[in-house]
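In UniProt numbering, the protein residues as written are 1 to 114.
Report on one structure; see the data block that follows.
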């Protein structure tokens, strides 16, 4: 696949009935033949207000959706070897932010006919 989309690439979505939700996001590799498209990154910042008895919960669904959207835009079928991380950041004004980052490799599976 080149940098520029052509009509054949656009028709591929119709044939495979692909949409953003159909893009696979995996923390591991795959045994399916594929071409590497690009490494993509997503970052979210969420302002949090810790209170007594408060505990952080890791919800990476926003990051997963961001990776799926980028992969779909690039014509990829999956995002492999994904990594997710989060950390707290205290701003100068005292506000506490939860910084989440996710990244992975966008791939396009090769369609093999027997």
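We put the beta carbon where it would ideally sit given N, CA and C, even for glycine.
In this structure residue 37 touches residue 106 by the C-beta definition: roughly 4 Å separates them, less than 8 Å. Rounded to whole angstroms, the gap between the alpha carbons of residue 87 and residue 97 is 8 Å. Taking the C-beta atoms as reference points, residue 39 is found no nearer than 8 Å to residue 78.
Beta-carbon to beta-carbon, residue 74 and residue 29 are separated by about 19 Å, too far to satisfy the 8 Å threshold.
Closest by C-alpha distance to residue 42, out of 94, 93, 84, 112, is 84. Among the bridge pairs identified by DSSP, residue 89 is matched with 97.
Within the same chain, 84, 100, 102 come within 7 Å of residue 60 by CB-CB distance, once the 5 residues on both sides are set aside. Going by DSSP, residue 43 is part of the beta strand (DSSP E) stretching over 34-48.
68 is the residue among 46, 68, 94, 45 whose C-alpha sits nearest the C-alpha of residue 104. Apart from sequence neighbours up to five positions away, the residues of its chain that approach residue 44 with a beta-carbon distance below 7 Å are 62, 63, 100, ordered along the chain. Judged by DSSP in its simplified three-state form, residue 107 adopts strand.
For residue 63, the enclosing alpha helix (DSSP H) covers residues 61-73.
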